[in-house]
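K.L.:
Got a structure for you, written out below as structure tokens; questions coming shortly.
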Ligand code: THU
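Residue numbers (the numbering used here): 7 to 136.
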């Protein structure tokens with residue numbers, strides 16, 4: 007399945023009674039397996055989770071740990087970028103050169119690398135003095 011179709015189809019399942027803003031995310035892991043996630047909101051608003059976080063959770067549950075490509079789609083006037091927290095979550099498993107394609111449901115796309123989305127990312131190196 008293409009990442010575009012994977013993200014579009016899972017987006018349909020988004021649970022968004024509060025924002026009404028459905029987001030779908032698809033991740034291709036190094037193994038080739040595609041993992042999907044959608045946003046899941048909660049009446050206690052901060053407890054909601056983003057589509058990217060759902061896709062990452064599915065990937066880890068599926069036994070993969072390395073992301074090689076990301077696709078995010080929403081019905082928005084311009085391609086929808088991952089939020090700041092999701093950039094850090096993606097950076098845990100995606101290298102600097104991994105492409106992240108942001109898309110709208112009407113076909114606009116914008117592709118950026120992880121390094122462009124999260125310059126100066128906090129990494130394990132920052133915790134080591136060695
Ligand atoms: N949202 C995502 O799922 N991913 C993003 O990258 C941006 C925002 C969700 C969170 C919330 O359910 C809704 O979009 C509005 O912020």
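Positions of the beta carbon are idealized from the N, C-alpha and C atoms, including for glycine. Every value quoted in this text rests on a predicted model; they were computed, and no experiment measured them.
(1) Where does residue 22 fall in DSSP's three states?
(2) Alpha carbon to alpha carbon, what distance is there between residue 11 and residue 101?
(3) Tell me the DSSP secondary structure of residue 16 in three-state form.
(4) Of all the alpha helix (DSSP H) runs that stay within the bounds of the segment 93-131, which reach a length of 4 or more residues?
(5) Mind checking whether residue 114 and residue 85 have CB atoms under 7 Å apart?
(6) From 131, 76, 48 and 98, pick the residue whose C-alpha is nearest to that of residue 104; which is it?
(7) In this structure, does DSSP put residue 91 in helix, strand or coil?
(8) Alpha carbon to alpha carbon, how far is residue 13 from residue 39? Give it in angstroms, no decimals.
P.N.:
Once the coordinates are examined:
(1) Reduced to three states, the DSSP call for residue 22 is coil.
(2) Distance between the alpha carbons of residue 101 and residue 11: 23 Å.
(3) Of the three classes helix, strand and coil, the one that applies to residue 16 here is helix, per DSSP.
(4) With a minimum length of 4 residues, the unbroken runs of alpha helix (DSSP H) contained wholly in the segment 93-131 fall at 120-123.
(5) A contact, by the Cβ cut-off of 7 Å.
(6) Comparing Cα positions, the closest option is 76.
(7) The answer is helix: DSSP assigns residue 91 an H, G or I state.
(8) About 14 Å.
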